[in-house]
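Here the sequence shown stands for residues -7 to 53, where the numbers follow this note's numbering.
Even glycine gets a Cβ: it sits at the ideal position worked out from N, Cα and C.
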Amino acid sequence: MIYRKWSLLTMPVVVLSGLGAVILAHNFVFGANERFVEKIKREGELLREQDRAKMTLERGH
-7 MIYRKWSLLT
3 MPVVVLSGLG
13 AVILAHNFVF
23 GANERFVEKI
33 KREGELLREQ
43 DRAKMTLERG
53 H
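And the structure:
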């Protein structure tokens, strides 16, 4: 194996950038999933409110 002086300086940069890439990918994948779940919950609650309003109108007539 050939060792160069600059390899001692670049290795921490490579390791830290790889770690940063993993963290960003994790946040993107799981952060997007959390936003999707929240969106589905909001839409479900909206549909439930619409159903309640419709049922209330039907009972009143």
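Whole angstroms are fine: how far does the CA of residue j sit from the CA of residue i?
i	j	result
VAL21	GLY12	14 Å
ALA45	GLU26	29 Å
GLY23	LEU39	25 Å
ARG51	PHE28	35 Å
VAL71	ALA17	The first residue shown for the chain is -7 and the last is 53, placing residue 71 beyond what the model contains.
ILE15	GLN42	40 Å
LYS31	THR2	43 Å
LEU49	SER9	59 Å
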